[in-house]
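Below is one structure, written out as structure tokens, with a few remarks after it.
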Amino acid sequence: MPIKRQHLAAALMASLALGAAARATPVAPFVLQTPGMVEVKYSGYLARSSDNGSGLREASFAVGYMTSIHEMGNPSNQLWHTGKDNQSISFMMYGAGDYSVIPGSGPFGNQVMSAGCTNAAFGCDGKIHLDLYLDKLAGGTNPGFGLGGIKASQRQGFSSMGAMTDGDLLMRWEFVPGLLPPTATASGPGITLYQHLNGTTSPSSGYGSYLARCVGGAACAYFSSGSQQGGADFYGTNTMTQLLAASVFAQNGWITRLSDPVIAQVTLDQPSGAWLLPLGLAALLAMRRRQRGA
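Heads up: the sequence shown runs through residues -24 to -1, 1 to 270, numbered per mature numbering (1 follows the signal peptide of the UniProt record, and there is no 0).
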């Protein structure tokens, strides 16, 4: 067999062997097989931040779970859902500070414009983040938020919260400027989250919107399309619903329930098997080095 064919065969065999090893790992690879516009659905809970430092302080943070990814306008065509390949995806949203407030009247009349907090001692870096983690559904760590569930006080750091952030990093989003909703009457430097609330601080009941880019994690390969306004990858609209003070959720420190959706574009520039190609090439290079040293 010619040398080039030997190299190609070796790379392919290495890829297949590594693929078999990947299938044997506790969490199956996250794979999307259909391109196009999608809606990402998630739900979670918001709590008041303990940041009491100087500068623009973090006002709130949230944790929860992604529940599905489906074709936009066609919920029956699901690309991913909780339990697929025994997978669960959790998230943590953090870093949002209340930059300015424009009081209004009527339900959700207060405009609360948020930017990334700047209290470096707390961990702030001037950005609002949303990190997503891949875990097993059965056999993983997937706490609830009610009776016996995770409490807001169990936050361990600026970007970590125990079982909610102990999986494999799937994606890291950063909120970016460029959105001025038609309902907003003002903006400001660094504003990346627009909210209409029934209170003058976050968290409160109401709704919000934002743009975000995928800046880290393996699944950015699917979502880094720049398909949204200003070259962003995601356009999100949140609904926040106040929890009853006597509820178990509120007693665990959660203030409002947070829900979706997020609009994005899935691209399949490479087949799913290409995830293993760099590993196969690494094996090929190792073979060449050994041959040169022989």
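Built from N, CA and C at the ideal position, the CB exists for glycine as well.
Once the 5 residues before and after residue i are set aside, which same chain residues still bring their CB inside 6 Å of it?
| i | result |
| --- | --- |
| SER129 | GLY229 |
| VAL39 | GLY20, MET68, MET137, MET140 |
| PRO119 | GLY125, ILE126, ALA139 |
| GLY122 | VAL224, PHE225 |
| THR10 | LEU55 |
| LEU8 | LEU55, TYR198, VAL242 |
| SER203 | GLN241 |
| VAL238 | VAL16, PHE210, GLY212 |
Run through the DSSP bridge pairs and tell me what residue i is partnered with.
| i | result |
| --- | --- |
| ASN95 | ASN95 pairs with nothing; no bridge assigned. |
| PHE210 | ALA188, ALA240 |
| TYR109 | SER66, LEU145 |
| ARG233 | TYR21, THR217 |
| ASN86 | LEU173 |
| SER136 | GLY133 |
| PHE151 | ALA188 |
| ILE126 | In the DSSP output, where bridge partners are listed per residue, ILE126 has none listed. |
| TYR183 | HIS172, THR215 |
| GLY77 | The amino acid at residue 77 is misidentified as Gly; the sequence shows Val. DSSP lists VAL88 as partners of VAL77. |
| ALA72 | SER36, GLY92 |
Would you give the residue range spanned by the alpha helix (DSSP H) that residue i belongs to?
| i | result |
| --- | --- |
| ALA197 | 196 to 199 |
| ALA226 | 224 to 227 |
Within the same chain, show all residues whose beta-carbon is closer than 7 Å to that of residue i, passing over the 5 residues directly before and after it, in chain order.
| i | result |
| --- | --- |
| PHE98 | ASP27, GLY29, GLU34, PHE134 |
| TYR18 | GLY40, TYR41, MET42, THR43, PHE67, ASP236 |
| THR117 | ASP111, ALA139, ASP142 |
| HIS46 | VAL14, GLU15, ASN53, GLN54, LEU55 |
| GLY154 | LEU187, GLN205, GLY206, ALA208 |
| LEU219 | PHE225, ALA226, TRP230, ILE231, THR232, ARG233 |
| CYS196 | MET147, CYS190 |
| SER64 | TYR41, THR58, ASP111, LYS112, LEU113, GLY116, ASN118 |
| SER200 | CYS190, ASP209 |
| ASP61 | ALA4 |
| ARG24 | SER36, PRO179, ILE231 |
| GLY249 | Because GLY249 carries a pLDDT of 44, less than 50, the predicted location of this residue cannot be relied on, and no value is offered for it. |
| ALA(-3) | In this prediction, ALA(-3) has a pLDDT of 38, which is less than 50 and means its spatial position is unreliable; nothing more can be read from the coordinates. |
With a Cβ-Cβ cutoff of 8 Å, do residue i and residue j count as a contact?
| i | j | result |
| --- | --- | --- |
| GLY49 | VAL242 | no |
| PHE37 | MET89 | no |
| THR141 | ASP107 | yes |
| PRO179 | MET216 | yes |
| ASP111 | GLY143 | yes |
| ASN86 | LEU145 | no |
| ALA91 | THR168 | yes |
| GLY184 | TYR198 | no |
| ASN214 | LEU244 | no |
| GLY73 | CYS93 | yes |
Could you spell out where the beta strand (DSSP E) holding residue i opens and where it closes?
| i | result |
| --- | --- |
| VAL39 | 36 to 47 |
| GLY116 | Counting along the chain, GLY116 falls outside any beta strand (DSSP E), and DSSP gives it neither H nor E. |
| LYS17 | 12 to 24 |
| LEU169 | 169 to 173 |
| LEU55 | 50 to 57 |
Tell me which same chain residues have a C-beta within less than 8 Å of the C-beta of residue i, skipping the five on either side of it?
| i | result |
| --- | --- |
| TYR75 | LEU32, MET89, SER90, ALA91, GLY164, GLY166, ILE167 |
| VAL77 | ASN86, GLN87, VAL88, MET89, THR176, THR177 |
| VAL152 | THR168, LEU187, ALA188, ARG189, GLY206, ALA208 |
| SER181 | PHE84, LEU173, ASN174, GLY175, MET216, THR217, GLN218, THR232 |
| GLY132 | A small fix is needed here, since residue 132 is Gln in this sequence, not Gly. Around GLN132: GLY138. |
Examine chain B for any beta-carbon lying closer than 8 Å to the beta-carbon of residue i, and answer yes or no.
| i | result |
| --- | --- |
| MET137 | Looking at the structure shown, chain B is missing, and only one protein chain is on hand. |
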